[in-house]
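Using the working numbering, you'd call the opening residue of the sequence shown number 16 and step up by one each time.
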Amino acid sequence: MAKNKYYAVKKGRETGIFSSWAECEKATKGYSGAIYKSFGNIDDAKRFLEDEQEYIVQRINELKDDEMIAYVDGSFDAEKNCYGYGIIYFLKGKKGLLYDKGQNSEAVEMRNVAGEIEAAMKAMDIAVQHGVKTLYLYYDYEGIEKWCTGKWKTNKESTKKYKQYYEGIRGKLEVCFVKVKSHSGDKYNEEVDLLAKKALYDGGSS
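Set out below in structure tokens:
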């Protein structure tokens, strides 16, 4: 009987722990400087990724005046028919939280993705307001990057507005998109996931 293998990707198009080589290959093939390794148990895979968490903490501590790191996520409540969003952002010497919910009729049909889009735009807006030149945007839904870069078509009104917003701030802000595998143990990705859910029930942050 074949043993389970876990593939930990530290550097790639998507980071985290994968349960198949096909997923790992998709995240790393053709990616310059990809770092990954296979393990026989998930605990060893998690330990391998702990260094990446240390790297993120180091990056936060070494942020320049014109840099910002932000984690974004969205949520959805079918009963209330509303979406929530959460943002955790880091400027030099500062950590900020922002969360809220919305019921925009055009956006709500996209469920939690509506929250993801709202969070991404709010994060970009925060960066511009603070005079940031480079935003490192950590996300787990691939459309957040692909709608902006044109790899995905903007077929819905919400995605069109998102792309238009991005195009409007490109001259002022460089956005470096960083894909994080959801629920893979990334500390801040897990925190922002909870924040987006909190928005549905506690309302917005002040």
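Ideal Cβ positions, reconstructed from N, Cα and C, are used throughout, including at glycine.
Computed from a prediction, not measured in an experiment: that's the story for all the values here.
For T149, there is no enclosing alpha helix (DSSP H); the enclosing beta strand (DSSP E) has its first and last residue at T149 to Y154.
Judged by DSSP in its simplified three-state form, T174 adopts helix. Taking a contact as a CB-CB distance under 8 Å, the pair I141 and V207 does not count as one, their CB atoms being some 14 Å apart. Per the C-alpha coordinates, the member of K176, V24, G101 and K116 positioned closest to L152 is G101. A distance below 7 Å separates the beta carbons of A211 and G99. Residue pairing of C39 in beta bridges, as defined by DSSP: absent, with no partner found. T174 sits buried, since 16 or more C-beta atoms from the chains shown fall within 10 Å of its C-beta. In this structure, G45 is the residue among N127, I184 and G45 with its C-alpha nearest to the C-alpha of K26. Contact between V128 and G158 holds, with the beta-carbon distance rounding to 7 Å and staying under 8 Å. Boundaries of the alpha helix (DSSP H) harbouring G130: N127 to Q144, taken from the DSSP string.
In this structure, the beta-carbon distance from Y156 to E121 does not fall below 7 Å. Look at the beta carbons and you see the region 56-67 touching the region 27-34: at least three pairs across the two are nearer than 8 Å. Taking 7 Å as the cut-off, the Cβ atoms of A37 and D115 do not count as close. A direct Cα-Cα distance of roughly 10 Å separates V147 from K107. Between the alpha carbons of I184 and K41 lies a gap of roughly 30 Å.
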